[in-house]
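Okay, so here's the structure we're looking at.
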Amino acid sequence: MKNLSKVMFLTMVLVLSSCANVSKFPVSSVTPAANIEVKKQHDRNGNTILTIEAKNLASAERLSPPRKMYVAWIVLENNETRNIGQLKNKNAKVAEIKTLTPFKFTEIFITAEDQADVLYPAGEEISRIKF
């Protein structure tokens, strides 16, 4: 019976330690129907695995002015901004990006851009979340 209790305890510890932190972005004034969430996990090397999922996000071409894509950014602890990639359409209603970063950051935000490889955000900001 004691062994079963120990096994159950260790299982619970492993399950809880592997859980991800999920946060919701605030409602966007640009795309108010969008429901955007970010899931933060850490790998064994201390990197952060980010999964951003946007449901009901209007196509960037439908914005005014029209853009080509959505790009996700992080703001580092020293206030430097880094492009972490383009949100890709999984289907007609969901866009997603899954990426890994070694940087410690305080914010994530999404902009509408004409190119995915821009170094600085130039397009309209869609939404921002602070940690």
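FYI, in mature numbering (1 follows the signal peptide of the UniProt record, and there is no 0) the residues of the sequence shown are -20 to -1, 1 to 111.
For each residue, glycine too, the CB sits at the ideal point set by N, CA and C.
If I measure Cβ to Cβ from residue i and keep anything under 6 Å in the same chain, skipping five residues before and after, which residues do I get?
i, result
"ALA102", "none"
"LEU43", "ALA92"
For residue i versus residue j, is the C-beta spacing smaller than 8 Å?
i, j, result
"ILE77", "ALA52", "yes"
"ARG62", "GLU87", "no"
"GLU57", "PHE85", "yes"
"VAL18", "ILE32", "yes"
Beta-carbon within less than 8 Å of residue i's beta-carbon, same chain only, minus the 5 sequence neighbours each way: which residues are those?
i, result
"ALA38", "THR11, ALA13, ALA14"
"GLY65", "VAL51, ALA52, ILE77, THR79, ALA96"
"ASP23", "ILE29, LEU80"
Can you tell me whether DSSP reads residue i as helix, strand or coil?
i, result
"GLU17", "strand"
"ARG62", "strand"
"ARG108", "strand"
Could you tell me if residue i is buried or exposed, where buried requires 16 or more neighbouring beta carbons within 10 angstroms of its beta carbon?
i, result
"ARG47", "buried"
"PHE111", "exposed"
"ALA34", "buried"
"SER8", "buried"
Can you give me the Cβ contacts of residue i inside the same chain, cut-off strictly under 7 Å, excluding the 5 residues immediately before and after it?
i, result
"GLU105", "PHE89, THR91"
"ASN36", "ALA13, ALA14, ASN15, LYS73"
"PHE83", "ILE54, LEU56, ARG62"
"GLN21", "ALA(-1), ILE29"
Locate the beta strand (DSSP E) running through residue i, then write down its first and last residues.
i, result
"TYR50", "49 to 56"
"GLU76", "74 to 81"
"GLU87", "85 to 93"
"ALA34", "28 to 35"
"VAL2", "1 to 4"
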